[in-house]
Amino acid sequence: MLFNSAHFLVFLPIVLILAKILKGTYQRAFLLLASLYFYNAWHPASIACNDIRTSTWYENWIDLSFCNFNINLYIIILIVSMIVDYVAGRLMSGEGVSEKFRRLCLVASLITNLGILAYFKYTNFLLEVFADLFNQISTGAPLKIEHLKIILPVGISFYTFQSMSYTIDVFRRNLEARKSFLDFALYVSFFPQLVAGPIVRAHTFFRDLDDTPKVTAEDVQIAFAQILMGFTRKIVFADNLAKVVDFTFNNYKILNPAEIWVGAMAFGWQIYFDFAGYTDIAIGTARLFGYKFDPNFNFPMVARNIADHWSRWHISFSTWIRDYIYIPLGGSRVGVLKGYRNLFITWLFAGIWHGAAYHFVGWGLWQGVMLGIHREYSKTKIAAWLNEKGGLSYDIGARIFTMFCLSFGFILFRAKTMKAAWAMMKSLVFVVPGGIYSVKTFVNYDYGILLVICFILSYYFSRNPIETIVENKKKFGVFVTANLFIILFFGAGGQNFLYFDF
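For the record, in the sequence shown the residue sitting at position 201 is 192 according to this note's numbering, with numbers rising by one throughout.
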C-alpha cells in the first residue's frame, strides 16, 4: 500500500481509531493484522490468476489459496523470517545453553535471512557475473544466460535487516529475547516502517511497546507536521524533479555537460525528497500510535563533507552497517591498511545492498573512495586552517563541493547500466566528441533554479526543526498553510516511492 494513495488515506484513520479503542494484547494483535493487510495490498504479477490452472494438486492449491482469496504470496516470506528469528532468539536465551549452540542458532538465522534475500535479489546478478567471468577466460562461443523471472518482494531488504539486528543483539547479549511471538511479529511488520524503513532497532521499538507513552496534543501536531512535510517532499519536490531526472538519464547521449550536471544533481535531490518524505510519513504515523522512532535524515544535502553527509543520510542504515559490519571487522582501530580494507568492504556491502548490478557496486566503492580521501584530508594542516579561518565562504564552498562529488555517485546509483553511468560521468569531466554542445532539446537550466531553492530551504529547515516550528503557533500556521498550498497547486504525484525497489 502506498502512502500517497487514497487507500492509505482511508486505511490510516480506521486503524488509528480502532487501535485507540483496543488495549493491551488486543491492540497488538489488531496492529499486527493491520500491518499484514498493509503488506498484502502489494500485488505483483507473480501469479497468473487470470489463468486458472487445474493440471496438478499444487496448482489447484495456489489458485485456491492465493488467487481466489486475493492473498499476496510473498507475505509468506515475511512470516517465515519472523518465525525463524523469533525461534532463534528464544533458543539463544535458554538457560544452560552453550556458546556453541547459541552461535549455531545465530548462523541458522543469518543463513535463512540472507539466503532468502540472496535468492530473490541477487540470483540474476550472480548469473550475470558468472557469464561475464566465463566469457573473459573462454575462447569459445560467448555464454549467454537468460534472467530468471524472479520478482523482488517489496521491503525485503528492510525487514530482513531489521529482523537480523534483533538476533545479533540477542546473541551479543545486548538485548533480551522477546517471549511473546506477537510482540516480535509486530516489531518486524509494523506497517509505518515495513516496506521502506527506517530500520528500527528492537530496543527502540520494545521501549515504546512496553511503556507506550500517552499521545499528547503536541505529539499529534508534530506528527501531522511531519506527515505533511513528507507529502510535500514526495509529491511536490521529488515527483516534479523526476521529470528532469528521467529525461536526463534517458537522453544523456544528446545532452551537454551542464545539462547532465543539473540532471545528476536533480536525481540526488529527488531521491532525498522521495526517501526522506517516505520516512517523514512513516515516523509521523508511528508517533500517532505512541512510537517515537529516531530521525532517519538530518538534511544531508547541505552537509559540509562526505562523512557529514553519511552521518545525516539514511541514518538507520549507515549506523546498521557501522554496528554490524564495520566495527566487527575492526573498524579504524586496526592498522591503516586494514582500516581502509574495512572501509571498502563495508561500502561494497552497502552498494550491493542497494541493488544487484555493477553500477551499484561502483556507487558503493565511490562512497568508500570519498570517505577515504576525506579521512586523509582531515588530518592535514590545511584542513585545520580552513576550518578555523575559512569562515562563511569556506563553509558554503565546502557544501557545494560536496554536492558535486556526490553527483558522480548519483549517476552510478540512477543509471540503468554501468556503461551508461560511465558515459555520463566522462561527459561531466571531458569534452566528448560528437557535437553534443549544440543540442538544446531540453532546458535543464530552468531546473537549476529549483535546485537552488531546494538547497536554501534545506539549509533553513536544518536550523529550524519541526519541534521548534510547532512551539510557535504563528510559524506552525504558516507552515501548514504553505505546505497545503504548494501540494494543491504544484503537486505532481502518481509515482511510486523509489526505495520500494530495494
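Beta carbons: idealized from backbone N, C-alpha and C, even for Gly.
None of the values given here were measured: they were computed from a predicted structure.
Within 10 angstroms of its Cβ, does residue i collect 16 or more other Cβ (buried), or is it exposed?
i      : result
Lys372 : exposed
His138 : exposed
Glu250 : buried
Arg164 : exposed
Arg94  : exposed
Ser369 : exposed
Leu0   : exposed
Ala208 : exposed
Ala473 : exposed
Tyr428 : A caution first: Tyr428 carries a pLDDT of 46, below 50, which makes its placement in the model unreliable, though a value can still be read off. Result: exposed.
Pro424 : In this prediction, Pro424 scores a pLDDT of 47, lower than 50, which makes its location untrustworthy; the coordinate-derived value is nonetheless stated afterwards. Pro424 should be labelled exposed.
Ala36  : Confidence in Ala36 is poor, its pLDDT being 48 and thus under 50, which makes the residue's placement too unreliable to answer from.
Val434 : For Val434, the predicted model reports a pLDDT of 49, less than 50, meaning its position is unreliable and no value from the coordinates is stated.
Asp76  : buried
Ser309 : buried
Gly359 : buried
Gly188 : buried
Gly355 : buried
Arg324 : exposed
Leu185 : buried
Ile159 : buried
Gly382 : exposed
Pro319 : exposed
His300 : buried
Gly426 : Model confidence at Gly426 stands at a pLDDT of 44, short of 50, so the residue's coordinates are unreliable; what they give is reported in the following sentence. When all chains shown are included, Gly426 counts as exposed.
Lys14  : exposed
Ser26  : buried
Given this structure, state the Cα-to-Cα distance separating residue i from residue j, to the nearest angstrom.
i       : j       : result
Asp230  : Asp265  : 8 Å
Ala99   : Leu105  : 10 Å
Phe125  : Ala132  : 10 Å
Lys170  : Phe181  : 18 Å
Ser307  : Asp201  : 22 Å
Val161  : Val227  : 42 Å
Gly365  : Arg192  : Inspection of the sequence shows that residue 365 is occupied by His rather than by Gly. Near 29 Å, if we compare the C-alpha coordinates of Arg192 and His365.
Gly346  : Val145  : 13 Å
Cys396  : Ile444  : 20 Å
Leu166  : Phe172  : 16 Å
Phe21   : Ala10   : 7 Å
Phe2    : Leu279  : 14 Å
Asn241  : Lys225  : 22 Å
Leu7    : Leu118  : 45 Å
Val293  : Met394  : 8 Å
Leu328  : Ser(-4) : 50 Å
Leu(-7) : Phe222  : 12 Å
Ile457  : Ile190  : 22 Å
Ile468  : Leu377  : Looking at the sequence itself, residue 468 is Gly, so the reference to Ile does not match. When rounded, the distance between both Cα atoms is 41 Å.
Phe392  : Val253  : 14 Å
His305  : Lys283  : 17 Å
Val179  : Ala298  : 30 Å
Ile121  : Phe215  : Note on residue identity: the sequence assigns Phe, not Ile, to residue 121. Their Cα atoms are separated by approximately 50 Å.
Asn31   : Ile68   : 12 Å
Cys96   : Gly80   : 8 Å
Arg390  : Val420  : 20 Å
Met83   : Leu101  : 14 Å
Tyr65   : Leu219  : 31 Å
Phe476  : Ile5    : 26 Å
Can residue i be considered in contact with the ligand MN, in the sense that its beta carbon sits closer than 7 Å to one or more heavy atoms?
i     : result
Ala25 : The ligand MN is not part of this structure, which contains no ligands at all.
At the 8 Å Cβ level, is residue i part of the contact set with chain C, yes or no?
i      : result
Ser369 : Looking at the structure shown, chain C is missing, and only one protein chain is on hand.
With a cut-off of 8 Å, do at least 3 Cβ pairs link the segment 388 to 404 to the segment 346 to 355?
Taking a contact to require three or more Cβ pairs closer than 8 Å, the segment 388 to 404 and the segment 346 to 355 qualify as touching.
Check whether the segment 383 to 403 and the segment 413 to 421 touch, using three or more Cβ-Cβ pairs below 8 Å as the test.
Counting Cβ pairs under 8 Å, three or more are found: they touch.
Would you mind listing the alpha helix (DSSP H) stretches within the segment 98 to 173 that are 4+ residues and don't spill past its ends, in chain order?
Within the segment 98 to 173, the complete alpha helix (DSSP H) segments at least 4 residues long are 147 to 162, listed from N- to C-terminus.
For the segment 172 to 254, list the alpha helix (DSSP H) runs that are entirely contained and at least 4 residues long, ordered along the chain.
Scanning the segment 172 to 254 for uninterrupted alpha helix (DSSP H) segments of 4 residues or longer gives 172 to 180, 193 to 201, 208 to 222 and 230 to 241, listed from N- to C-terminal end.
Considering only residues of the segment 353 to 382, which uninterrupted alpha helix (DSSP H) runs meet the minimum length of 4 residues and lie entirely inside it, listed in chain order?
Here the runs fully enclosed are 372 to 380.
Please determine if the segment 287 to 298 and the segment 266 to 277 are in contact, where contact requires at least 3 C-beta pairs separated by less than 8 Å.
The segment 287 to 298, when compared against the segment 266 to 277, does touch it at the 8 Å Cβ threshold.
Quick check: the segment 209 to 218 against the segment 250 to 263, are at least 3 beta-carbon pairs closer than 8 Å?
The segment 250 to 263 makes no contact with the segment 209 to 218, as fewer than three CB pairs between them are under 8 Å.
When the Cβ atoms of the segment 147 to 159 are set against those of the segment 72 to 79, are three or more pairs found closer than 8 Å?
The segment 147 to 159 makes contact with the segment 72 to 79: 3 or more CB pairs, one atom from each, lie closer than 8 Å.
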